[in-house]
Amino acid sequence: MGKKSRKTSSSKNLSNSDRKNPAVLGSVVTTVAQYLKLAEEEKLPLERYFSRHRHSVSSCDGDGAFNLISLFVLNPRLMLPGTPERSVITTVCMRVHDNIRSTMILPNDAFQNGMLQKLPLVEDIGPGKTMDEYYDAFVQNIQNSTGTGFRKAPYAHCKKLVNDCLLRMKTKKKVLVGKEERTVVRLFGLESEEHFHQQQIQLPQPVPAPDVDTLWLVLNRPEHYFFHVSSDLHDLFGFECGEVVIDHEYFERSLDYILEDEYRQERLPAMLNHAANWHMLEGSEEEVASWLLWERQPMMLHPVGHPNTVDAMRNSVILQLMINKFFNGQTGELLMHTFPAMNLYGSGITNFLFYTRHLSITGRLPPAFIVKASVAEGVDGASISDSGNASAENVEGDVSTNLERTMRKLTIRKTSCAVCGATRSPTGTRLLVCSRCESVAYCCAEHQKIHWKSGGHKQQCTLDLLG
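Terminal number for the sequence shown in the working numbering: 611, no gaps in between.
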């Protein structure tokens, strides 16, 4: 299988020129700016001026870009009597290691009057809906259009994401452009009085992943569909994803190209940090977050550009797997269901199901892959795994080793969602287990339905019972 697209689409967004009725938009931006001025002057909580607010943060793509989408409902008590409810949906597209790429403010009129129905990233769900319904549909549509996953986030975490980005921009002498961009950013400079929105993400202690295969499945979860370096390698080689089988020359040239540039060196640990934080949202997947932080540790011991930092990244199994994702892994073909209604995110689900099934059948990574690193060792002085030693996950062992590996995979099937790989439900509770075969688990009832109807479990469930 393998990727046929090199796009990194988290950064896709709507520019000002794409949107209609600038007078309405300008009026809303002005009103929001006035509310912000009051909030900043009086130093009162956010909720005094915006009666409700919601926030969703996406995973990042291979360029380190991610989206923060928010709903702000203006407090009706500050309006003239009889004024209809005013609210806005805002987006901020940022890079995890760089600047704000774009912002957007969409007033409720844009959704209720069908102003956005012709725009490529917005699905028109018709008039007469609540802004919460429009917000949910908008987030779902951006998820499907960008192939990244979204999770609900507290305001304090979103504030930190924006403020950290501003600090990076200040260091690199970059500026905010235009009234809209400044207004959106200012929305994340206030304080919330709601308990949920005051919560900061608490990252777990770094812990090594069980094996390279486990990390490979994490990198193929739907939300990480574009977590790769395909744009970089397309610029280097000129061919598209999946067109060429990797060899040692391609492998070394890819590493050299990515690590010769300090901008790309900054990006990799920042991407891992963002992914770890993202996995702590909602369901709080501490295991996955701890594995990613463990792989990040060796990269953080020395400054960017330091020879030891470059060596740590060169010996990172995460980076090596990301490089291999660009090439043809010669996995052969497996009959897989597709999810065209979910666009790129649906492609991510199909991709995850494919590699999960391939790993369960073969017990190893795609046969053409070149992975010289293994799970990182600790940073207490122990050296990173020698790049000359092939990963144990790529070597055919004796029968007892393969049996142990197979048993481990059977356990993993019940500890992560069969559709998206999540290790917790969205509410943080245990996964649902198929009551019939008790061999697969799901983060929610919707994913259980998808796997039963379109993911092949209807047939496999019977085989599991017979086996």
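C-beta atoms are modelled at their ideal positions from N, C-alpha and C, and glycine is treated no differently.
With a contact defined as Cβ atoms closer than 8 Å, Trp-438 and Val-356 miss out at about 13 Å. Looking at the DSSP output, Leu-250 bridges to Ile-233. In this structure, DSSP gives Ala-297 a state outside helix and strand, which the three-state scheme calls coil. Taking Thr-274 as reference, the option from Val-232, Lys-304, His-339 and Gln-349 with the minimal CA-CA separation is Val-232.
In summary, His-368 is buried, with 16 or more beta-carbon neighbours lying within 10 Å of its beta-carbon over all protein chains present.
Counting only residues of its own chain and dropping the five nearest sequence neighbours on each side, Cys-578 has a CB closer than 6 Å to the CB of Val-584.
Under the three-state reduction of DSSP output, Cys-578 falls in the coil class, being neither helix nor strand. Contact annotation: Arg-440 and Leu-416 have beta-carbon atoms nearer than 8 Å. Around the CB of Phe-383, fewer than 16 other CB atoms lie within 10 Å, so the residue is classed as exposed. In this chain, Ile-213 is not harboured by any alpha helix (DSSP H); it is covered by the beta strand (DSSP E) spanning 209–218. Its Cα nearest to that of Pro-442, the residue Glu-521 stands out among Asn-243, Glu-191 and Glu-521. Its chain contains Glu-429, Glu-431, Val-432, Thr-559 and Ser-560 as the residues whose beta carbon lies nearer than 7 Å to that of Thr-567, once the 5 sequence neighbours on both sides are disregarded; these appear in chain order. Here DSSP, grouped into helix, strand and coil, assigns Arg-568 to coil. Separation of Asp-280 and Leu-503 (C-alpha to C-alpha, rounded to the nearest whole angstrom) is 34 Å. Cα atoms of Glu-335 and Asp-276: separation of roughly 22 Å, rounded to the nearest angstrom. Per DSSP, Val-454 is one residue of the alpha helix (DSSP H) stretching across 451–458. Residue pairing for Ile-244: DSSP places it in a beta bridge opposite Met-238. With 16 or more neighbouring CB atoms inside 10 Å of its own CB, Met-238 falls in the buried class. Distance from the Cα of Arg-501 is smallest, within the candidate group Phe-513, Leu-479 and Val-389, for Leu-479. Taking a C-beta distance under 8 Å as the contact criterion, Asn-288 and Gly-490 qualify as a contact pair.
Contact fails between the stretch 168–182 and the stretch 399–410, because fewer than three Cβ pairs, one in each stretch, are under 8 Å apart. With a cut-off of 8 Å on Cβ pairs, the stretch 214–232 is not in contact with the stretch 310–319, counting fewer than three such pairs. Linking Asn-487 to Ile-286 through their CA atoms gives a straight-line distance of about 10 Å. The C-alpha of Pro-570 is placed about 9 Å away from the C-alpha of Lys-296. Beyond the five residues adjoining it in sequence on each side, Gly-206 comes within less than 7 Å, by CB distance, of Thr-152, Phe-370, Phe-371, His-372, Val-373, Ser-374 and Ser-375 in the same chain, given in chain order.
For His-481 and Ala-512, the gap between their C-alpha atoms comes out near 24 Å. It is roughly 37 Å from the alpha-carbon of Cys-564 to the alpha-carbon of Thr-315. Check the Cα spacing between Leu-380 and each of Tyr-278, Asp-405 and Thr-358: the tightest is with Asp-405. If you draw a straight line from the Cα of Thr-475 to the Cα of Pro-251, it comes to about 47 Å. The straight-line gap separating the alpha-carbon atoms of Leu-509 and Leu-361 is approximately 10 Å. When the beta-carbon positions are compared, Gly-293 and Ser-434 stay at least 8 Å from each other.
Here Pro-225 is actually not in contact with Ser-195; their C-beta atoms are around 16 Å apart, not less than 8 Å. Looking at the backbone, the Cα of Cys-204 and that of Glu-387 are separated by about 25 Å. DSSP places Cys-587 in the coil class of the three-state scheme, outside both helix and strand.
Taking the C-beta atoms as reference points, Thr-234 is found nearer than 8 Å to Met-248. For Thr-174, the secondary structure class from DSSP, reduced to helix, strand or coil, is helix.
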